[in-house]
Every structure is written in C-alpha cells, then in structure tokens.
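Engineer: Sharing a structure below in structure tokens format, with a few things to ask.
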Amino acid sequence: MRKGSTGRLLLPVHQAPIEKEEPGGRRFWAAARQFGAISCFALLAACAVGPDYQTPGLDLPAKWSNTTRQTPPAAPQLADWWLKLGDPDLDLLIEEAVKGNLDVRTAKAKIREARATYRQTGATLYPAVDGSGQAIRSKSASSGGSSSSVSNLFQAGLDASWELDLFGGNRRSVEAARYGLDAADEELRASLLTLIGDVADNYVQARGYQARIALAQSTARSQRETARLTKTKYDAGATSAVDVANAEGQASSTEANIPTLRTAYAEAVHRLSVLTGREPAALTKRLEKSRRIPKPAIRTAVGVPAHVLLARPDVRLAERQLAQATAKIGEAQAARYPAVSLTGSIATSAVKPGDLAKNSSISWSFGPTLSVPIFNAGELAAAVDVSKAQRDQYFLAYKAAVLGALEDVENALVGLSQEGRRVKSLDASVAAYKKASDFSNSLYRSGEVSFLDVLDAERSLYSAEDSRIQSRVQVVSYYIALNKALGGGWDGEVDSSTPEVADQNDGPRLALGKKK
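Residue numbers (my numbering): 65 to 580.
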C-alpha cells in the first residue's frame, strides 16, 4: 500500500513475475497461502512503539477539610439526587431537559461520530480488497480498408493490499480512537451533569423570585395601608405632613423592587425553557403558579476525595483525553520507521462474459513493498515533539480538572454549612423584627414613639424577610452545587444511537426519536 507521505521513498523489496496460468488458478492460490503465512509471521513479530498509557497517580487528601461532625462519613448517594428535594415539577423538568436539551443532543451526536471514527480507524488493520471490471468492443480494419473485424474483450480482477503495521502506528491510531470514544461518552455524562444542575438551580431561583415578589407585594400593600391611615390622621391634625410623605415614600420604595424581581424571574423561566429545548416563553404559564422553595437536607454524605476521580465526568473526560494524546505519540513515532505492505492482484480476461471463470486467461502478481522515510527535513521528528507537547497539555489539564473538582466540593461544603447557619440567624432576626414592628405600631398609637420608629421597624422587617428568602434559595443552590461537584448526574438510559437530525425534502429537522 502506498502511503504517499512526504519524504518517503517507496522501494520494491520483491516483485514476483507475472505469469500466465491455466484455468483454475493453482499458482494463484499457492501465492495466496504464501501471502497469509508471511502476514501471520509479520503480525507475530510486530510491536507498537511509543509509551503505553498508565493512569497518573495523584496525591489526594484523605478527607475533606470543610466537613463537620454532623457530616455523614459514608460514600455519597448521587443517583437521582434531585428527588430528595421533593418537588414533582422539578423532577418533570429534568426529565424533559434530558430528552430535549440541544447540548445533550450535540454530545450524543459526538458519540456517534466517535464510534464511526473508531470503526473507520480500525479498518486500517485489515486488508483492503478492490474489484474491477471492464468490457471493451473494438473494430479493426485491414490496411487496404476492404475488410474489418469486430471483437469483444471482457476483463475482471481483484486488487488486495495490507499494511503489516510492524511498528504499531495503525494500532496506536486505533487505540487513540478508542480513547476518543471513551472521552465522547464522558462528555455526554458531563453535559447531563451540567444540565441537571442548571435546571435545578434556575428552577429554585424562579421559585425564590416568586416568593420575593409575593413578599414585596404584601409588604407594599401593608405600607400603603399605613400611608392611608397616616393621611387620615394628618387630615384630623393628629400627625405631620412629614409622616405622610415618609409613609408614602416607603411604600413606593418597596413597590419599586417588584419590577426588578419580575425581570429576574422571567429570565430564570426563559433559561429553563431553553434548557429543555423550547423557545424562551414556553414555560411561562406552566410555572406562573407559585410553589414553595425546595428544602434540602443539610446533612449530606460526601465520602472522600478519591470518590471524585471515579464520579466526576469532567475529570474522567480529562483522563481519557490524556490517554488519547499518549497513544498519538506512538502513532507519530511509528511514522518515522519503515512501513511494509503486502500487495497482490489477480485478473482474468475472455472474449465472452461466461468464459471469465472458465476458459479465460488469468494473470496474478504478489509481493511486499517497503516504504522508508529517508529525508523529510525533520518533519516527522517535529510531529513527535508536537504530540508529546500535546500530551503534556492534557496531563496538566487532567491535574487542573482534579484540583478544580476538589475546589468545587470544598466550596460547596463550606457554603452549605455557613448558609445553613445564616438562615437560622435570619429566622431569629425576622422574629425579632416582627416583635419590634408590632411594638412600635402599638406605641405609636399611644403616642409614646415617633412615626419614624414605625417606619424603621417595618423597613427592617421587610429587609430581614427578603434576606431570609434569598438565603433559603442560596442553601438549595449550595446543595445543588455540592451534588454537581461530587459527580451526581443522570443515571438513566440515554439513546445515543439514533440520529438527531432527520433529512427531509424541505431541509433538515430535529428527529423526534424512534417510531414505535
């Protein structure tokens, strides 16, 4: 097989003479047996140059730094972790997102590409056989042109070639393709992990904005009622115009928060719609009815740092990419060594199609071909250096992925723990400010405190209640982040064999799935 690579000189080592053979082709089959014997011997003697991949050893801490005495020491239970939030709407949205998200569908298409590349690369390990056929009708005339004859000629043949891969360049290429397929699988898992986390987080944010909008509306109504009563007292001469202005100003200030919160809520709903593969406003009516903010369990088992290497798909993806880059070093090194190919052909010709397999002339040829890179101005050596430098980059990327994973877990642990404490403090704050607001209103009616004390108590109560809602949302966000950081994703079945696009007469369309 001719490589045609720059700088390679093709040298015929042995070329058997082309011989005529009687019908039956006994010599051809003898040559074929010789071909197989030489091939088997060559394969037994073959070796693969380049480094054999070994999973890097990493020094990991024995335990997490930000766990507490209450943190369960068991291995994390990551399967369907979002079900523990107890929200059926969220569960359904995640299922819909897994089926319809475009990033996930892209990752599934990449898996099909990697599978096809693996099959394509694996074909280089086997012989290639091409068939040919030809029919010729010709006419010849005598020198005087007085007579002519018409003749037919039918020809058929087979050409075969097989690169022996003595130094394992093709096998390293297949190895790299297999690692690439593994990487594509991990990329799909990483896409699902990110998707589920984003859906859960945006859903919780949306529910949080709904709660904050409801709080702002109820507080504004109460403040408007206070402003109305203050105006009534002012008309009766029992209070000043300053109190009326302050009361109306505080109500307006609270109402001013509502449009901002509505905008943030709409953005969260739009993101949820797009994550599920729909247009932005698709889920607006479906989510307009407010629901409670999901409440997670603060005590979550996190295991040990070594679990992250097994569960995090981005870490596993980086490790598979490192393995693929390592295999490519051997592929580049093999290109610097001689390549041997076995080639053979057989052809038959006859004047009638029916005689091709019987009364016909048969010719055949067989012999190895050696390709030796003699001079290429350092091109092949540079290719090896390129592959080694790329391997180094993927090794560093793997280390960075591991460190990033550890950082994500530690950040989520400390955030979940501290935000849980903050919620408890805000609960106490809201209770205290509620008493202060009730007392100030009572004392104001009896004339013992000024109206500014009432306004300050109401403002503090609203701020504490709003902060408590935000903190509760943040607790759930840290819970989501912790499960993502530990590697919790989708464990259900995902069909990556069906094409994502269906070709139609009016253009490509997203495939709807397998027909039942």
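Backbone N, C-alpha and C define an ideal beta-carbon position, used for all residues, glycine too. It should be emphasised that the depicted structure is a prediction, and the values quoted were computed from it without experimental measurement.
#1: Using three-state DSSP, classify ASP517 as helix, strand or coil.
#2: Considering only residues of the same chain and omitting the five flanking positions on each side of PHE105, which have a CB-CB separation below 8 angstroms?
#3: Over the uninterrupted beta strand (DSSP E) stretch that includes ASN216, give me the two end residues.
#4: Of the choices TYR543, ASP116, ASP555, ARG455, whose alpha-carbon is the least far from that of LYS359?
#5: Any idea what DSSP makes of ASP565, helix, strand or coil?
#6: Runs of 3 residues minimum, wholly inside the segment 133–217: which ones carry the beta strand (DSSP E) assignment?
#7: Helix, strand or coil, according to DSSP, for THR412 in the structure here?
#8: Consult DSSP for ARG376 and reduce its assignment to one of helix, strand or coil.
#9: Can you tell me whether ILE426 is helix, strand or coil according to DSSP?
#10: Do you know offhand how far TYR458's Cα is from ALA389's?
#11: To the nearest angstrom, how far is it from the Cα of VAL558 to the Cα of ARG253?
#12: Using DSSP with H/G/I as helix, E/B as strand and the rest coil, what is LEU406?
#13: In terms of residues, what are the limits of the alpha helix (DSSP H) holding ALA504?
#14: According to DSSP, what are the bridge partners of GLY431?
#15: When the Cβ atoms of the segment 248–268 are set against those of the segment 162–173, are three or more pairs found closer than 8 angstroms?
#16: Measure the CB-CB distance between PHE515 and THR294 and report whether it falls below 9 angstroms.
#17: Determine the burial state of TYR462: buried for a count of at least 16 other Cβ atoms within 10 Å of its Cβ, exposed for fewer.
#18: Kindly examine the ligand MN and report whether one of its heavy atoms sits closer than 8 angstroms to the Cβ of ARG509.
#19: Find out if the Cβ-Cβ distance for the pair LEU245, TYR182 is shorter than 9 angstroms.
#20: In the DSSP assignment, find the alpha helix (DSSP H) that holds GLN314 and state where it starts and stops.
#21: In chain order, what residues of the same chain have a beta carbon less than 7 angstroms from the beta carbon of ALA391, not counting five sequence neighbours either side?
#22: Does the Cβ-Cβ distance between LEU217 and SER413 come in under 9 angstroms?
#23: So, are the CB atoms of ARG532 and SER493 less than 9 angstroms apart?
#24: Below 8 angstroms on the Cβ atoms is my guess for VAL466 versus LEU122; work out the distance and round it to an integer in Å.
#25: Buried or exposed: which applies to ALA566, given that a residue is buried once 16 or more other Cβ atoms fall within 10 Å of its Cβ?
#26: Here's the rule I'm using: 16 or more other beta-carbon atoms within 10 Å means buried, otherwise exposed. How should LYS174 be labelled?
#27: So what does DSSP say about PRO120, is it helix, strand or coil?
#28: With a threshold of 16 other CB atoms inside 10 Å of the CB of GLY197, please say whether the residue is buried or exposed.
#29: Return the residue from the list LEU386, PRO115, GLN141, ALA247 that minimises the CA-CA distance to VAL368.
#30: Just how far apart, CA to CA, sit GLU529 and ALA248?
#31: Where does GLU289 sit, in a helix, a strand or coil, going by DSSP?
#32: Between the alpha carbons of LEU347 and GLU512, how many angstroms are there, rounded?
#33: Could you check whether GLN281 and GLN314 sit closer than 9 angstroms to each other, using their CB atoms as the reference points?
#34: State the Cα-Cα distance for the pair GLY551 and VAL372, rounded to the nearest angstrom.
#35: With a 10 Å radius around its C-beta and 16 neighbouring C-beta atoms as the bar for buried, classify GLN482 as buried or exposed.
#36: Report the CB separation of SER405 from SER429 in whole angstroms; it is logged as a contact under 8 angstroms.
Structural biologist: Inspection of the coordinates gives the following:
#1: helix
#2: Here PHE105 scores only 44 on pLDDT, less than 50, and its place in the model should not be relied on; the value that follows carries that caveat. Closer than 8 angstroms at Cβ, skipping near neighbours: no residue.
#3: 212–227
#4: Comparing Cα positions, the closest option is TYR543.
#5: Note on residue identity: the sequence assigns Val, not Asp, to residue 565. Looking at VAL565 - three-state DSSP - the assignment turns out to be strand.
#6: 192–205, all fully within the segment 133–217.
#7: Reduced to three states, the DSSP call for THR412 is strand.
#8: In the structure shown, ARG376 sits in coil (DSSP, three-state: anything other than H, G, I, E or B).
#9: strand
#10: 7 angstroms
#11: 10 angstroms
#12: strand
#13: Note that residue 504 is Ser in the sequence shown here, rather than Ala. That run of the alpha helix (DSSP H) goes 443–509.
#14: THR407
#15: Output reads yes: the segment 162–173 touches the segment 248–268.
#16: yes
#17: Buried: at least 16 other Cβ atoms inside 10 Å.
#18: Ligands displayed in this structure: none; no statement on the ligand MN is therefore possible.
#19: yes
#20: Unbroken alpha helix (DSSP H) run through GLN314: 305–339.
#21: So the qualifying residues of the chain are TYR117, ARG236, GLU239, ALA240, TYR243.
#22: yes
#23: yes
#24: Contact flag correct, Cβ pair sits at about 6 angstroms.
#25: Under the 10 Å beta carbon count, ALA566 is surrounded by fewer than 16 other beta carbons and is classified as exposed.
#26: buried
#27: coil
#28: exposed
#29: GLN141
#30: Taking the straight line joining both Cα atoms gives about 46 angstroms.
#31: helix
#32: 52 angstroms
#33: no
#34: 7 angstroms
#35: exposed
#36: The pair is not a contact, with the Cβ atoms about 14 angstroms apart (cut-off 8 angstroms).
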